[in-house]
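Engineer: Structure provided below as structure tokens; questions to follow.
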Amino acid sequence: AQSVSQHNHHVILSEAASLELGCNYSYGGTVNLFWYVQYPGQHLQLLLKYFSGDPLVKGIKGFEAEFIKSKFSFNLRKPSVQWSDTAEYFCAVGNSGGYQKVTFGTGTKLQVIP
Amino acid sequence: EPEVTQTPSHQVTQMGQEVILRCVPISNHLYFYWYRQILGQKVEFLVSFYNNEISEKSEIFDDQFSVERPDGSNFTLKIRSTKLEDSAMYFCASSPGHSYGYTFGSGTRLTVV
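What follows is the structure in structure tokens.
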């Protein structure tokens, strides 16, 4: 069975600080990896995804994530956060099969202070 | 940008009643999913649906739950006899294929009283 761990439950940063949110997964086969964001009062949105190829993936709003297979990690980064990045961030892993059930981590609440 | 539409946005129901949560996936998508998020907890997989049948379901998706695609556009989740612990945000999602991420709907907040 696949599982996802997000180490930081709540992160508080000042604007312009750099962000790195940790994500580790376990799964025996080929994985697809995702980061989703949920802004306050809104639905889940896809930030970025990794399926294959370049392990450094760029997503929307200046976010990127690096897949490190040897560490089973897929950490999310942003060089300079803004107040509007305040949200909850979910790492997720999917099996690469056709139905692609996705397992979510517990989420990290990011609060950016102006 | 195409959206997954869910209705209603909030439903309150009495324990033991049946509820139907409705979703309209993106029109050319082939895979459909229901997830739920109990307040303060993580997003949990309920069921996936492909080619007019359930392809996978979780332990949560027991006999009180069912899904249907009655008319080729709507995708519904029925909870037959609601319990207090069914109170959660229910998200519908669809995907065109396994090389893509999901598009999620805005969710239905179900409150069982």
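Protein chains in written order, with the numbering used here: chain G, 1245 to 1358; chain U, 98 to 210.
Glycine included, C-beta positions come from ideal geometry on N, C-alpha and C.
If we ignore side chains and look at the alpha-carbon of each, how far apart do G:R1321 and U:G194 end up?
Structural biologist: Each residue's alpha carbon lies about 27 Å from the other.
Engineer: On the three-state DSSP scale, how would you describe G:S1314?
Structural biologist: helix
Engineer: Please determine, among G:T1330, G:F1295, G:K1345, G:G1349, the residue with the shortest C-alpha to C-alpha distance to U:F129.
Structural biologist: G:K1345
Engineer: Is any beta-carbon of chain G found at less than 8 Å from that of U:G169?
Structural biologist: no
Engineer: Between the region 1328 to 1341 of chain G and the region 1272 to 1285 of chain G, can you find at least three pairs of beta-carbon atoms closer than 8 Å?
Structural biologist: yes
Engineer: Could you tell me the distance, in whole angstroms, from the CA atom of G:A1245 to the CA atom of G:G1272?
Structural biologist: 8 Å
Engineer: Beta carbon of G:G1349, beta carbon of U:K139: below 8 Å?
Structural biologist: Yes, they are a contact pair.
Engineer: Within the continuous beta strand (DSSP E) that includes G:W1279, where are the two ends?
Structural biologist: 1275 to 1282
Engineer: Which word fits U:V210, buried or exposed, when buried means at least 16 other C-beta atoms lie within 10 angstroms of its C-beta?
Structural biologist: Burial call: exposed.
Engineer: Let me see if you follow: with CB-CB separation under 8 Å, is G:K1293 close to chain U or not?
Structural biologist: yes
Engineer: Under the rule that 16 or more other beta-carbon atoms within 10 Å means buried, what is U:M112, buried or exposed?
Structural biologist: exposed
Engineer: Report yes or no: is there a C-beta of chain G within less than 8 Å of the C-beta of U:E150?
Structural biologist: For U:E150, the answer is no, since every Cβ of chain G falls outside 8 Å of its Cβ.
Engineer: Among U:L174, U:Q114, U:E141, which residue has its Cα nearest to the Cα of U:I151?
Structural biologist: U:L174
Engineer: Taking beta-carbon pairs under 7 Å, can you tell me which members of the region 109 to 137 of chain U lie near chain G?
Structural biologist: Y128
Engineer: I need the straight-line Cα distance from U:I117 to G:V1301, nearest angstrom please.
Structural biologist: 38 Å
Engineer: Hey, out of U:E100, U:T102, U:R166, U:V109, whose CA is closest to U:R206's CA?
Structural biologist: U:V109
Engineer: Among G:H1253, G:T1274, G:G1338, which residue has its Cα nearest to the Cα of G:E1264?
Structural biologist: G:H1253
Engineer: Do G:L1257 and G:V1325 have their C-beta atoms within less than 8 Å of each other?
Structural biologist: Contact flag set, yes.
Engineer: Alpha carbon to alpha carbon, how far is G:S1296 from G:A1261? Give it in angstroms, no decimals.
Structural biologist: 30 Å
Engineer: Return the residue from the list G:Q1250, G:H1251, G:L1291, G:N1339 that minimises the CA-CA distance to G:K1305.
Structural biologist: Minimum Cα-Cα distance from G:K1305 among the listed residues G:Q1250, G:H1251, G:L1291, G:N1339 corresponds to G:L1291.
Engineer: Since U:Q134 and U:A185 are thought to touch, with beta carbons under 8 Å apart, how far apart are those beta carbons, to the nearest angstrom?
Structural biologist: Your pair U:Q134 and U:A185 checks out as a contact, with CB atoms roughly 6 Å apart and the cut at 8 Å.
Engineer: For G:H1251, which residues in chain U fall below 9 Å Cβ to Cβ?
Structural biologist: Chain U residues near G:H1251: none, gap ~14 Å exceeds 9 Å.
Engineer: Taking the alpha-carbon positions, what's the U:Y197 to G:T1274 distance?
Structural biologist: As the crow flies, the alpha-carbon of U:Y197 is around 15 Å from that of G:T1274.
Engineer: Reducing DSSP to helix, strand and coil, say where G:I1304 ends up.
Structural biologist: G:I1304 falls in the helix class under three-state DSSP.
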